[in-house]
Structures are given as structure tokens and as C-alpha cells.
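J.: Numbering-wise (UniProt numbering), the sequence shown opens with residue 1 and increments by one.
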Amino acid sequence: MHKNHVVIMAGGIGSRFWPISTPEYPKQFIDILGCGRSLIQLTADRFVSICSADNFWVVTNAAYVDIVKKQLPNIPAHHILAEPEARNTAPCIAWACWTIQQECPEANIVVTPAD
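1) Going by C-alpha distance, which of I50, P76, S49 and I30 is nearest Q41?
2) Given this structure, state the Cα-to-Cα distance separating residue 169 from W18, to the nearest angstrom.
3) Below 8 Å between beta carbons: does that hold for P84 and D54?
4) My output table needs one value for L42: the three-state DSSP class, helix, strand or coil.
5) Below 8 Å on the Cβ atoms is my contact criterion, and I expect I80 with T43 to pass it. Report the Cβ-Cβ distance as a whole number of Å.
6) Excluding the 5 residues flanking T89 on each side, which residues of the same chain have their C-beta closer than 8 Å to its C-beta?
7) Would you mind giving the Cβ-Cβ distance between G11 and C92, rounded to the nearest angstrom? I have them listed as a contact below 8 Å.
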């Protein structure tokens with residue numbers, strides 16, 4: 001299980017879900033289902049059986065790092081990757097995989113959207 005890593009992509013602003021989702025607090029951080037958990041928390045919950053929190057990674061906008069830390073407190077701070085600039089999915093995945101490979105060259109990586 002120590003080779004398993006999960007990358008949660010959480011950088012979007014959720015513009016198509018306006019007005020519930022705003023650039024300051026996008027949909028991945030909102031409890032849309034009314035269950036007491038945000039979409040990013042529910043996503044993390046789905047992967048705890050295959051991966052410890054130490055091997056979770058979140059790629060997000062720099063403006064959302066504090067929200068990620070608050071909602072997913074068990075993820076190591078250096079596993080929250082703040083995008084210097086939003087460049088969509090492929091660069092997000094490439095950066096996360098490259099970063100993980102530096103720590104664990106034999107990693108099995110799952111990439112999932114937060115929402």
C-alpha cells in the first residue's frame with residue numbers, strides 16, 4: 001500500500017456551478033450533497049482503503065491551499081501542490097507524477113478530479 005498514491009485535482013473555480021460555486025470558494029470545497037462532507041473530502045474518503053493519507057496529493061490553485069489544509073488536515077503540507085498558473089489537466093497530472101516520482105520511483109498513481 002505504501003507504493004499507492006492518489007492525486008486529487010482541485011484547481012478549478014467551478015464557474016459552471018455558479019452561483020453556488022464562486023472563484024473564492026469553488027464547488028470542490030462545498031458540501032453540495034448536504035452530508036457534512038465537501039466534494040474533495042468525499043473524493044479522499046473513496047481512496048482511503050487503497051492509500052494512506054501520507055500518500056495523498058492535491059494539485060490546486062495557490063488561492064485554495066489553506067482551504068485544502070483545513071478540509072484534508074491529514075495530508076502532508078508538501079503534498080499540496082499549488083499551481084503557479086492554471087494550465088488545465090495534462091500539466092497538472094504531469095507535475096504531480098513528476099513530483100511523486102522524486103519521492104517514490106515505483107509509485108502506482110491514481111489521478112482523480114475532486115468533484
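Where is the CB? At the ideal position from N, CA and C, for every residue including glycine.
T.: Short version:
1) I30
2) No information on residue 169 is available, as it lies outside the stretch 1 to 115 that the chain covers here.
3) no
4) helix
5) Incorrect: roughly 14 Å between the Cβ atoms, too far for contact.
6) M9
7) 6 Å
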